[in-house]
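Protein chains in written order, with the working numbering: chain A, 1 to 204; chain B, 205 to 214.
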Amino acid sequence: MNAFRFLGDMTHLFSVLVLLLKIYATKSCSGVSRKTQELYMVVFLARYMDLFTDYISLYNSVMKVVFITSSAAIVWCMRRHPQVRRTYDKEQDTFRHVVLVAAAFVLALIFNERFTFREICWAFSIYLEAVAILPQLVLLQRGRNVDNLTGQYVFFLGAYRAFYILNWIYRYFTEGHHSRWISWLSGLVQTGLYADFFYYYFLR
Amino acid sequence: TDKPKAHDEL
């Protein structure tokens, strides 16, 4: 594992933990899109179905469990926590996220490495992850002031994507590792969405 | 046929 990949994983982990701690410490999820969080939970569940079938390393397995549980904890807080759920901006968070799930699923059925359950789940999770931030971006643009922590959350997520692309470039040259084109393309789309956000974020 | 590679990234 190279440094880019590790930094990518760490910024990804950090973004999720920052968000969870923010919600837990302030007992408020104001400015956080529950739809984006639900999409991420679906992404992790679909991608890490291989947890028990393909063992890569202890590091990978632990991280998979951490991502699934932390994203589930965020969704649980926003739906069930007696104080937190009252602070959810339901009227603002109107993005039709089911459309994204359906589109990602159809894409995964058409474009996959192999027409198997595992590969379709994997491709589905990659496509969905690329667009899962959209409800959050829409919510951020509606709110007048971007909350510091919510801004940081998106910042760390963006850093994660950037590091992963550097990781693929690095692996391409050092290991001759051909990262699958599905991840390349989706990764670029995803990073582009963040770049667009930061452009406006820093203008403000 | 070759066995599909496992996904080694997160």
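Yeah, the Cβ is synthetic: ideal placement off N, Cα and C, and Gly gets one too.
Q: Would you decide whether Ile74/A is buried or exposed? Buried here means 16 or more other CB atoms lie within 10 Å of its CB.
A: The residue labelled residue 74/A in the question sits at position 74 within the first sequence. Counting every other CB atom within 10 Å of its CB across the protein chains shown gives Ile74/A a total of 16 or more, marking it as buried.
Q.
Can you tell me whether Leu214/B is helix, strand or coil according to DSSP?
A. Taking the first residue of the second sequence as 1, we reach residue 214/B at position 10. For Leu214/B, the secondary structure class from DSSP, reduced to helix, strand or coil, is coil.
**Q.** Ala132/A, enclosing alpha helix (DSSP H) - first and last residue
**A.** Walking along the first sequence from the start, residue 132/A turns up at place 132. Counting along the chain, Ala132/A sits inside no alpha helix (DSSP H), nor does DSSP assign it H or E at all.
Q. For Leu149/A, which option in Tyr40/A, Thr11/A, Ile23/A and Thr69/A has the closest C-alpha, if you only look at C-alpha atoms?
A. Within the first sequence, numbered from 1, the residue matching residue 149/A stands at position 149. The closest CA to that of Leu149/A, considering only Tyr40/A, Thr11/A, Ile23/A and Thr69/A, is found on Ile23/A.
Q.
Please confirm whether Met63/A has its beta-carbon closer than 8 Å to some beta-carbon of chain B.
A. In the first sequence, the residue the question calls residue 63/A occupies position 63. Contacts with chain B at 8 Å (Cβ-Cβ) include Met63/A.
**Q.** Element boundaries [alpha helix (DSSP H), containing Cys29/A]
**A.** As a working mapping, residue 29/A is identified with position 29 in the first sequence. In this chain, Cys29/A is not harboured by any alpha helix (DSSP H), its DSSP state being neither H nor E.
Q: Could you give the DSSP three-state label for Thr205/B: helix, strand or coil?
A: Position 1 of the second sequence, counted from the start, is the residue given in the question as residue 205/B. Per-residue confidence for Thr205/B stands at a pLDDT of 47, beneath the threshold of 50, marking its modelled position as unreliable; no derived number is given.
Q.
Is it buried or exposed, Val67/A, if we count other Cβ atoms within 10 angstroms and call 16 or more buried?
A. Mapped onto the first sequence, residue 67/A falls at position 67. Checking the sequence shown, residue 67/A turns out to be Phe, not Val. Per the 10 Å Cβ criterion, buried.
Q) Run through DSSP, which three-state label would Phe115/A get? A) Along the first sequence, one-based indexing puts residue 115/A at 115. The answer is coil: DSSP assigns Phe115/A none of H, G, I, E or B.
Q: Pull up the CB-CB distance for Ser33/A and Leu166/A, whole angstroms please, since I reckon it's below 8 Å.
A: Residue 33/A sits at position 33 when you count from the first residue of the first sequence. Residue 166/A sits at position 166 when you count from the first residue of the first sequence. About 27 Å; that fails the 8 Å criterion.
(Q) Three or more C-beta pairs under 8 Å: does that hold for the segment 153 to 173 of chain A against the segment 106 to 120 of chain A? (A) Taking a cut-off of 8 Å for Cβ pairs, the segment 153 to 173 of chain A and the segment 106 to 120 of chain A do not touch, as fewer than three such pairs fall below it.
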